[in-house]
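S.K.: Attaching a single structure in structure tokens format; questions to follow.
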Amino acid sequence: MKEKILVTGGTGYIGSHTVVELQQAGYEVIIIDNLSNSNADVVDNIEKITGIRPTFIKLDCLDFDGLKAAFEAHKGIKAIIHFAASKAVGESVQKPLLYYRNNLVSLINLLELMPQYGVEGIVFSSSCTVYGQPDELPVTEQAPIKKAESPYGNTKQINEEIVRDTVASGAPINAILLRYFNPIGAHPTALLGELPNGVPQNLIPYLTQTAIGIREKLSVFGDDYNTPDGSCIRDFINVVDLAKAHVVAINRILEKKQEEQVEVFNIGTGRGLSVLELIHAFEASTGVKLNYQIVGRRAGDIEKVWANPDRANKVLGWKAETSIEDTLRSAWNWQLKLRERGIQ
Ligand code: WQD
910 MKEKILVTGG
920 TGYIGSHTVV
930 ELQQAGYEVI
940 IIDNLSNSNA
950 DVVDNIEKIT
960 GIRPTFIKLD
970 CLDFDGLKAA
980 FEAHKGIKAI
990 IHFAASKAVG
1000 ESVQKPLLYY
1010 RNNLVSLINL
1020 LELMPQYGVE
1030 GIVFSSSCTV
1040 YGQPDELPVT
1050 EQAPIKKAES
1060 PYGNTKQINE
1070 EIVRDTVASG
1080 APINAILLRY
1090 FNPIGAHPTA
1100 LLGELPNGVP
1110 QNLIPYLTQT
1120 AIGIREKLSV
1130 FGDDYNTPDG
1140 SCIRDFINVV
1150 DLAKAHVVAI
1160 NRILEKKQEE
1170 QVEVFNIGTG
1180 RGLSVLELIH
1190 AFEASTGVKL
1200 NYQIVGRRAG
1210 DIEKVWANPD
1220 RANKVLGWKA
1230 ETSIEDTLRS
1240 AWNWQLKLRE
1250 RGIQ
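Here's what the structure looks like:
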């Protein structure tokens, strides 16, 4: 009997890649997604990759009664991976209440329902954003949580506290908080990838859309930072490697291997790469020349952040495996496939 896992936000970028890995690890997957930043054909593409069609429920996690009905209809869910959230740093500054309502109440609804339906564990999609600009690099899980630079980052910090306080209150819940760095790339089949609505906020989708001619040129937000080439540094992690970390975390919870009821892991490569280095790596990996210009800094940007992934490597038993070159090629192949399918 396959164990059932609920994936909220499962038609999204990281969620869809995680559904594939869960299915290939032998889990039965139920997706809940409101399709606010994705579309239902992702379910078809997941099925094309794994041969298994996940159950898909179009539902907003803010809808408590709807969530309750979903748990009623699908008894036996063992654990949840909670991706569903708004995640654009810049947008969160413009619409803080939307971010606080969506990102906090969705989690609260799930935590309230879990004990009623015997759901043992939750893997929560957190972010390196909680660290702000770390004092020391690479950053470890023991680094102090600094005042968030945006409402988005603040919702991640508050979410982590909500989980901790709920567990501390005696709720029969185990949790693993995964702090992502910068997820990039696409599935090797080029059937899944990052497809943001409208103008991409994140670097890689804007970069590949520029490379294919959808965008005229990529703006590099600042080259006057205190870094070797002046551009910001990030820890770019392959999305499939990131997805695999979620399967390892689910296994850890269900096999009761956790050392504490709430565990935190940095999910990064441990390698910092600057924006300009990434651009040059893209050109070298794909042979595609990129049209870009240096412009002013973007408000809210962290200067440099990359992970110390030792704890994830040694305790969780997970390690990023994919090279940056293969990852950038996968992003480019995805962009080419979108063009071939007439989507962009
Ligand atoms: C990366 C770098 C930009 C666009 C992301 C997600 C956030 C969270 C943390 C998971 C920065 C530069 C970007 C462009 C550029 N993820 N850039 N030109 O800001 O690190 O945050 O990771 O929880 O949801 O947004 O990612 O891709 O926006 O920016 O120069 O057109 O690329 O200044 O230095 P960021 P990003």
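Just add 909 to wherever you are in the sequence shown, counting from 1, and you've got our numbering. For every residue, glycine included, the Cβ atom is placed at its ideal position computed from N, Cα and C.
From the DSSP output, in three-state form, read off A1084 for me.
M.R.: Correct three-state label for A1084: strand.
S.K.: What are the complete beta strand (DSSP E) segments, minimum 3 residues, inside the segment 1048-1100?
M.R.: DSSP runs (the beta strand (DSSP E)) wholly in the segment 1048-1100: 1083-1089 and 1091-1093.
S.K.: With a CB to CB cut of under 7 Å and the five nearest residues on each side skipped, what residues in its chain are close to P1060?
M.R.: Cβ neighbours of P1060 beyond the five flanking positions: S1001, V1002, P1005, Y1008 and Y1009.
S.K.: Which residue from P1137, A1154 and L1112 puts its Cα closest to that of I923?
M.R.: Among P1137, A1154 and L1112, the Cα nearest to that of I923 is on A1154.
S.K.: Would you list the one or two residues that DSSP bridges to E1172?
M.R.: I1085, per the DSSP bridge assignment.
S.K.: Based on DSSP bridge pairs, tell me the residues matched to K1126.
M.R.: Bridge partners of K1126: none, in fact.
S.K.: Looking only at C-alpha atoms, which of I961, G1196 and V1028 sits nearest to I986?
M.R.: Of the listed residues, the one whose Cα sits closest to I986 is V1028.
S.K.: Near E1276, which residues of its chain fall below 8 Å by C-beta distance, leaving aside the five closest residues on each side in sequence?
M.R.: Here the chain comprises residues numbered 910 to 1253, so residue 1276 is not present and cannot be evaluated.
S.K.: Applying the 10 Å Cβ sphere with the 16-neighbour rule, what's the burial state of V1072?
M.R.: Its Cβ being crowded by 16 or more others within 10 Å, V1072 is buried.
S.K.: Could you pull the start and end residues of the beta strand (DSSP E) that E937 belongs to?
M.R.: That run of the beta strand (DSSP E) goes E937 to D942.
S.K.: Who pairs with G1030 in a beta bridge, going by DSSP?
M.R.: The partner list for G1030 (beta bridge, DSSP) reads A988 and N1083.
S.K.: So, G1177 versus P1114, is the Cβ gap smaller than 9 Å?
M.R.: No.
S.K.: With C-beta atoms as the reference, is T959 less than 9 Å away from H983?
M.R.: Contact flag unset, no.
S.K.: Taking DSSP's pairing of strands, which residues face F1145 in a bridge?
M.R.: F1145 pairs with N1091.
S.K.: How many Å lie between V1148 and A978 at the Cα?
M.R.: Their Cα atoms are separated by approximately 31 Å.
S.K.: When the Cβ atoms of the segment 1014-1025 are set against those of the segment 1079-1094, are three or more pairs found closer than 8 Å?
M.R.: Yes, the segment 1014-1025 is in contact with the segment 1079-1094.
S.K.: Say yes only if the C-beta of Y1009 is nearer than 8 Å to one or more non-hydrogen atoms of the ligand WQD, and no if none qualify.
M.R.: Checking the Cβ of Y1009 against the ligand WQD gives no.
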